[in-house]
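Read in order, the letters of the sequence shown are residues 384 to 784 in this note's numbering.
All C-beta atoms, glycine included, are put in the ideal place defined by N, C-alpha and C.
See below for the structure under consideration.
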Amino acid sequence: MTGADHLLPLRTKLRSLRTAPFGADPAGARMERIRRSPHFVDGSFQNPVGARTRPSGSTVEFAKIYFQKEQRARRTPYGTVPVHPTTLADLAAPPVSGLRLTWMGHSSVLAEIDGSRVLFDPVWGQRCSPFPFAGPKRLHPTPVPLAALGPVDVVVISHDHYDHLDLPTIRALAGTDTVFAVPLGVGAHLERWGVPADRLRELDWNETATVGGIRLTATPARHFCGRGLRNQQHTLWASWAVVGPEHRIYHSGDTGYFPGFRDIGAEHGPFDATMIQIGAYSEYWPDIHMTPAEGMRAHLDLQGGSPHGVLLPIHWGTFNLAPHAWAEPAEWTKDAGDEADQPLAFPRPGEPFEPAGILPVEPWWRPLSPALARPWRPAEGQAAAGPAPAARGDLDLAGER
Numbered sequence: 384m385t386g387a388d389h390l391l392p393l394r395t396k397l398r399s400l401r402t403a404p405f406g407a408d409p410a411g412a413r414m415e416r417i418r419r420s421p422h423f424v425d426g427s428f429q430n431p432v433g434a435r436t437r438p439s440g441s442t443v444e445f446a447k448i449y450f451q452k453e454q455r456a457r458r459t460p461y462g463t464v465p466v467h468p469t470t471l472a473d474l475a476a477p478p479v480s481g482l483r484l485t486w487m488g489h490s491s492v493l494a495e496i497d498g499s500r501v502l503f504d505p506v507w508g509q510r511c512s513p514f515p516f517a518g519p520k521r522l523h524p525t526p527v528p529l530a531a532l533g534p535v536d537v538v539v540i541s542h543d544h545y546d547h548l549d550l551p552t553i554r555a556l557a558g559t560d561t562v563f564a565v566p567l568g569v570g571a572h573l574e575r576w577g578v579p580a581d582r583l584r585e586l587d588w589n590e591t592a593t594v595g596g597i598r599l600t601a602t603p604a605r606h607f608c609g610r611g612l613r614n615q616q617h618t619l620w621a622s623w624a625v626v627g628p629e630h631r632i633y634h635s636g637d638t639g640y641f642p643g644f645r646d647i648g649a650e651h652g653p654f655d656a657t658m659i660q661i662g663a664y665s666e667y668w669p670d671i672h673m674t675p676a677e678g679m680r681a682h683l684d685l686q687g688g689s690p691h692g693v694l695l696p697i698h699w700g701t702f703n704l705a706p707h708a709w710a711e712p713a714e715w716t717k718d719a720g721d722e723a724d725q726p727l728a729f730p731r732p733g734e735p736f737e738p739a740g741i742l743p744v745e746p747w748w749r750p751l752s753p754a755l756a757r758p759w760r761p762a763e764g765q766a767a768a769g770p771a772p773a774a775r776g777d778l779d780l781a782g783e784r
């Protein structure tokens with residue numbers, strides 16, 4: 384028996400002691416299915432194109448940027464975020480056009496599409512963290528209690544990071560009749576938290592599940608996974624295309640820019656609305672989160688290269704996850720939309736809107752943020768998020784982005 388063999392029982396015991404927020408590792412038939420995936424290579428899931436998933440650069444330089452007092456202050460709103468007073472009556476009446484979106488903050492969106500109700504990446508918790516006392520804290524209250532949303536047909540999860548997959552939220556939804564559409568491996572977390580296996584639709588990239596009258600396809604994304612310090616990349620990350628009889632929508636999850644957006648659009652688009660990640664970017668992790676300029680480019684790729692539909696910016700405003708100013712993602716996305724002549728929606732958290740109707744466009748964030756020091760489009764040849772630092776080893780940062 385080798386030394387490694389002696390360690391196996393200990394490793395198993397340590398995993399069994401892992402508290403519920405950390406979820407569960409895929410095992411058994413689920414792990415066998417993962418190993419058969421063409422995207423699972425050399426023991427881990429791979430991105431569609433190369434991506435550096437660990438922050439690069441100097442730990443000292445990053446710490447100066449991230450923890451300096453003035454820098455911390457600019458990453459939070461100066462006042463109270465104006466949450467829309469959504470009521471059950473607002474959500475009970477069906478959308479006139481057949482498609483309505485309600486941004487609940489960060490990447491959480493309720494999409495009412497052709498008679499079905501789809502809830503993307505629901506996070507109602509106060510912190511995106513495994514601990515109730517530490518980790519990024521919510522910058523505004525949830526717009527509406529989870530119980531007041533009404534029935535949800537499908538909950539869609541993009542990946543298992545804490546700001547997209549929230550234990551208390553999933554446990555609350557597990558007590559309903561909703562179906563959960565998740566990428567490969569993520570079902571292990573949900574089963575541990577009380578979701579019955581028969582309500583899981585666990586998909587690889589380019590696999591589709593039909594629920595009621597809508598078709599949900601897990602599409603590629605450029606990101607990574609993990610809920611613990613030892614990250615084996617055994618759960619997949621995905622974006623999602625949702626197609627109904629009359630409408631098509633897309634949710635990016637978390638992703639860096641990559642050419643595959645064009646393929647997704649050609650296969651499943653054009654889309655009436657896209658929900659695109661435009662926040663939590665940094666020059667320290669340029670491959671796994673998009674800047675506003677990249678988010679606009681992704682939207683146009685999804686639409687065949689021309690302005691079409693409505694872009695709803697997501698993954699900003701709710702949690703402090705990156706060095707950029709709090710309002711910078713919204714301000715820069717607005718500039719990018721103006722330049723591209725692309726319709727945008729900027730709802731307050733909890734404000735329902737129909738992409739075919741009057742769009743919320745007021746820059747409501749401006750009274751809560753100073754004027755930005757940097758223009759949205761940098762000098763020629765410089766990345767939108769600033770110059771990349773010289774690589775001097777990986778930063779080992781706590782928390783997920």
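By Cβ distance, which residues of its chain are closer than 6 Å to residue i, with the 5 residues on each side in sequence left out?
i: Trp372; result: Past the edges of the chain, shown from 384 to 784, lies residue 372, and the structure says nothing about it.
i: Met658; result: Val492, His634, Leu695, Ile697
i: Lys520; result: Arg510
i: Arg401; result: none
i: Val535; result: Arg500, Leu502, Thr561
i: Val537; result: Val501, Val562, Ala564, Val594
i: Arg598; result: Thr591, Val626
i: Phe428; result: His422, Gln616, Leu619
i: Arg483; result: Glu495, Pro735, Glu737
Can you tell me where the beta strand (DSSP E) with residue i in it begins and where it stops?
i: Glu495; result: 491 to 496
i: Gly643; result: Note, Gly643: premise wrong, no beta strand (DSSP E); alpha helix (DSSP H) at 643 to 651.
i: His634; result: 631 to 634
i: Trp486; result: 482 to 488
i: Ile597; result: 597 to 602
i: Ala624; result: 622 to 626
i: Val501; result: 499 to 503
In the DSSP assignment, what residue or residues form a beta bridge with residue i?
i: Gln660; result: Ile697
i: Phe736; result: Leu484
i: Ser541; result: The partner list for Ser541 (beta bridge, DSSP) is empty, contrary to what the question assumes.
i: Phe428; result: Phe423
i: Arg510; result: Lys520
i: Leu727; result: Leu694
If you draw a straight line from the alpha carbon of residue i to that of residue j, how long is it in whole angstroms?
i: Ala710; j: Tyr545; result: 22 Å
i: Ala676; j: Thr716; result: 7 Å
i: Tyr461; j: Arg731; result: 16 Å
i: Gly488; j: Asp504; result: 10 Å
i: Asp425; j: Phe607; result: 15 Å
i: Arg575; j: Ala403; result: 8 Å
i: Leu474; j: Gly533; result: 8 Å
i: Ala580; j: Ala723; result: 44 Å
i: Val625; j: Ser541; result: 13 Å
i: Val464; j: Arg749; result: 11 Å
i: Ala407; j: Ala571; result: 5 Å
i: Gly609; j: His617; result: 8 Å
i: Asp718; j: Ser490; result: 21 Å
i: Ala494; j: Gly648; result: 19 Å
i: Asp587; j: His422; result: 8 Å
i: Leu619; j: Thr591; result: 15 Å
i: Ala476; j: Arg419; result: 44 Å
i: Gly662; j: Gly700; result: 8 Å
i: Ala601; j: Ile632; result: 12 Å
i: Leu685; j: Ala517; result: 37 Å
i: Ala621; j: Pro746; result: 30 Å
i: Thr470; j: Pro712; result: 28 Å
i: Arg680; j: Arg413; result: 36 Å
i: Asp543; j: Leu550; result: 10 Å
i: Val539; j: Asn430; result: 20 Å
For residue i, report the span of its alpha helix (DSSP H) as first-last.
i: Met679; result: 675 to 685
i: Arg413; result: 411 to 419
i: Leu471; result: 471 to 475
i: Asp536; result: Here Asp536 belongs to no alpha helix (DSSP H), and DSSP marks it neither H nor E.
i: Trp715; result: 711 to 723
Using C-beta distances below 7 Å, list every residue in its chain close to residue i, excluding the 5 sequence neighbours before and after it, in chain order.
i: Asp560; result: none
i: Ser752; result: Pro460, Tyr461, Ala708, Trp709, Ala710
i: Pro628; result: Asp497, Gly596
i: Gly692; result: Pro653, Phe654, Asp655, Ala656, Thr657, Gln686, Pro738
Short of 8 Å in beta carbon distance, which residues of its chain neighbour residue i, apart from the five on each side in sequence? Order them along the chain.
i: Thr459; result: Leu522, Asn703, Trp709
i: Val432; result: Arg605, Phe641, Pro642, Gly643
i: Ile671; result: Ala434, Arg435, Thr436, Arg605, His606, Phe607, Asp637, Thr638, Gly639, Arg784
i: Ala410; result: Ala571
i: His366; result: Coverage of the chain is limited to positions 384 through 784, which leaves residue 366 absent and any answer about it impossible.
i: Arg554; result: Trp576, Gly577
Next item on the list: Give, in chain order, every unbroken run of the alpha helix (DSSP H) that is at least 4 residues long and sits entirely within the region 543 to 594.
Entry: 550 to 557, 570 to 575
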